[in-house]
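Residue numbers (this note's numbering), protein chains in the order written: chain A, 12 to 270; chain B, 12 to 270; chain C, 12 to 270.
Below, the structure written as structure tokens:
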């Protein structure tokens, strides 16, 4: 990599100067940093959405990239700020459960609590650690600072109560865990689990849905199930919004059953 | 160009990890790629809007840039994925009409159907060819792969039914084809056609509008016509939203006439 | 800096091709330019919001960066377009008050009116000077053109009527000047002024609010005051939106008083 890449993921939106202040701080310390926006439009303070966003983003990036994540309702409290290595992926983020899903998939090989203030921006505000701690630490890491210099190792981290599916012999019972921009309902029933069943169908909101291979395989307006690009059972309305049809968001029950 | 530039244009929004997965795939294959966001906020699955967006974007870029575009309601069907050269501009996108307007302006000098799976990401999902086909192909092109290696040449492409204006001796009749963020109504009557008329006025929704040279030339609230920065007749309300005034979107009739 | 960085701040949104046309023009003139998006989602034509956005953004960036800003309701009128140096920060923007707050903090050391058309894109539209003047001028500056070649020096600039707080012996009276994405109400009473008072409390909408050090210090739903990360008194609802509670936007009165 000919220049160090730092990605930013926040719930700050684009209309306020918060994400921008982080960019400025990074470039002030390392003008050669290559900043890539992952998102500034995460739903405000929604840790579960953030955890799913990261699990759908970070795995695709090469190992050299450093990911800075700020969804931080507990800013200013005693929640820790962490440097995390998950296999080869590296993140800087608050210890509030954002890594829950990534940590189910990758082994956290190193966690460090950020305590060394010489890598921070002074004075440190009580409400904006993204600007005053995470951004300057990211810039220093991109300049070659060793993670071990940032603070002491820690061995545990916060986990979100992510719902797990329940298994029967001929069924898997799960729920909607993520609603995307297109109104598609993504569940926590994996494609692998669903494919173990013989001729599986998907039950949601009193409907029994066939599993198709892509959206355009059914007529417009038809509600279908399919396997999402992230490997989970998804309910969609062709050229429509499943979330409106079911008045459904996270938590709505879904079952995949043999018929 | 000291590094290969790849632009991304999608309707994925910023809150979901889809556009981000494409960035990760590109950087995993070519860490030196310079990714520029054109938009991830195109109206979902709106091919006409996408075609206008591209015709207002691509012409301004230098030839070395590679544009990846994903508005793809037909993902997973037998619609083709294409590499397209339009004069010196280069795009990767589904063959669903997105290039209709660009292809009216530039001669498509080369079209290649993407079939060579060795440049794809495996396994290829049925619902996310942006991540699994277009992104890896873009990265390989940026590393020097010849377009001819991507698949066979093709000689035709899908076209959208873009409305054309109707000409009379002293009038041009068209319609609104694009509504922008400011609520301005952009029509398909070109500045060149309108200027051929003697003292042209613009008729829309029962109003006869004078053509001014810029927004601030009329008082706030006044509905005016002017020539848009893209070279078409546009209807605007000074410091207001013309689309609200006319309750108007695409398809509303407009006439430019001599008075 | 191994490549020249140009930032873009506009109210163009991401769905239309306007901001993108600026990126293309810049890269066409200087393919090595590194473009960083600050925002394209500023509230349309809102100069006061733009001025606050810039005052919360530009100070964090290193001096070598060039900031291009387009919030330009007067485009096509005789309002000037300026190159501005504020200490070491450099901006290109319309002379419509956008620099009001920055100019209170930094000394404008150099102002140049853009008049030299050889650095512009021809033909110059009457409604899109961002694309036809600011973007090409930015690219030429990034290639080493001296600011003095762009036009004649000027010695004054437009100012917005930014409200100033009123001081009493034991109180400061101000108002809300900015509402952020989280619904937090940021006022024009500075932390320094508030801290001069003995045991200050914040009065707004009939409520008397204690000043806490961070959001999570009070229970969810509680309305509190605190010092914003930009150094001003801010009113927030823990895990809620203060702007909804007070049905409040810019202009709502706030007082900080001794009790």
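Even glycine gets a Cβ: it sits at the ideal position worked out from N, Cα and C.
| Query | Result |
| --- | --- |
| In chain A, which residues lie with their C-beta within 9 Å of the C-beta of residue 19/B? | Chain A residues near residue 19/B: none, gap ~11 Å exceeds 9 Å. |
| Under 8 Å by Cβ, that's how I've got residue 105/C and residue 92/C pegged, so tell me the actual separation to the nearest angstrom. | 6 Å |
| Which residues does DSSP pair with residue 211/B in a beta bridge? | 269/B |
| Where residue 32/B and residue 23/B are concerned, what is the direct C-alpha to C-alpha distance, given to the nearest angstrom? | 11 Å |
| Could you tell me which residues DSSP pairs with residue 271/C in its beta bridges? | Outside the modelled stretch of chain C, which goes from 12 to 270, sits residue 271/C, for which no answer is possible. |
| Could you please tell me which residues of the segment 34-53 of chain C, in chain order, have their CB closer than 9 Å to any CB of chain A? | 45, 47, 48, 49, 50, 51, 52 and 53 |
| Just how far apart, CA to CA, sit residue 257/A and residue 17/B? | 39 Å |
| Are the CB atoms of residue 232/B and residue 248/B nearer to each other than 8 Å? | yes |
| Quick check on residue 102/A: buried or exposed, where buried means 16 or more other Cβ atoms within 10 Å of its Cβ? | buried |
| Just by C-beta distance, which residues in the segment 172-184 of chain C are closer than 7 Å to chain A? | none |
| Within a Cβ cutoff of 6 Å, which residues of the same chain sit near residue 202/C, ignoring the five residues on either side of it in sequence? | 238 and 242 |
| Whole-angstrom Cβ separation of residue 185/A and residue 254/A, contact assumed at under 8 Å? | With a Cβ gap of about 17 Å, residue 185/A and residue 254/A do not count as contacting. |
| Rounded to a whole number of angstroms, what is the C-alpha to C-alpha distance between residue 265/A and residue 135/B? | 26 Å |
| When the Cα of residue 245/C is compared with those of 157/C, 223/C, 111/C and 141/C, which residue comes out closest? | 223/C |
| Give the residues of chain C in contact with residue 149/A, contact being defined as C-beta atoms less than 9 Å apart. | Going along chain C, no residue has its Cβ under 9 Å from residue 149/A, so there is no contact; the nearest lies around 14 Å. |
| State yes or no: is the beta carbon of residue 55/C nearer than 8 Å to at least one beta carbon in chain A? | no |
| Please report how far the alpha carbon of residue 148/B lies from the alpha carbon of residue 49/A, in whole angstroms. | 21 Å |
| Measure from the alpha carbon of residue 40/A to the alpha carbon of each residue in 153/A, 58/A and 204/A, then state which is nearest. | 153/A |
| Using a Cβ-Cβ distance under 8 Å, would residue 71/C count as near chain A? | yes |
| Identify the residues that DSSP records as bridge partners of residue 218/A: which are they? | 215/A |
| Could you work out which residues of chain B lie near residue 136/C, taking near to mean beta carbons separated by less than 7 Å? | 240 |
| Using beta carbons (cut-off 8 Å, strictly below), is residue 67/A in contact with chain B? | yes |
| Would you list the residues sitting across from residue 264/B in a DSSP beta bridge? | 186/B |
| Please name the residue, chosen from 220/B, 250/B, 234/B and 235/B, that lies closest to residue 269/B on a Cα-to-Cα basis. | 220/B |
| Our contact map puts residue 20/A next to residue 62/A with C-beta atoms below 8 Å; I'd like the distance itself, whole angstroms only. | The pair is not a contact, with the Cβ atoms about 11 Å apart (cut-off 8 Å). |
| Can you look up residue 259/B in the DSSP assignment and give me helix, strand or coil? | coil |
| What residue does the alpha helix (DSSP H) around residue 110/C start on, and which one ends it? | From DSSP, residue 110/C is part of no alpha helix (DSSP H); its letter is neither H nor E. |
| Given a cut-off of 8 Å on the beta-carbon distance, is the pair residue 109/A and residue 82/A in contact? | yes |
| From residue 172/B to residue 188/C, what distance separates their C-alpha atoms? | 48 Å |
| I want to verify the contact list: residues of chain C whose CB lies under 7 Å from the CB of residue 23/A, in sequence order. | 192 |
| Taking any Cβ of chain C, which residues in the segment 246-259 of chain B have a Cβ under 8 Å from it, in chain order? | 250 |
| Could you name the residues of chain C that residue 2/A contacts, counting a contact when the two beta carbons are closer than 8 Å? | Shown here, chain A extends from 12 to 270; a query on residue 2/A therefore has no answer. |
| Determine the direct distance from the alpha carbon of residue 207/C to that of residue 58/C, and round the result to whole angstroms. | 31 Å |
| Going by the C-beta, is residue 108/C closer than 7 Å to any heavy atom of the ligand HEM? | Annotation note on the ligand HEM: not contained in the displayed structure, which lists no ligands. |
| If I measure Cβ to Cβ from residue 204/B and keep anything under 8 Å in the same chain, skipping five residues before and after, which residues do I get? | 176, 178, 183 and 267 |
| Using the Cα positions of residue 52/B and residue 38/B, report the straight-line distance between them to the nearest angstrom. | 22 Å |
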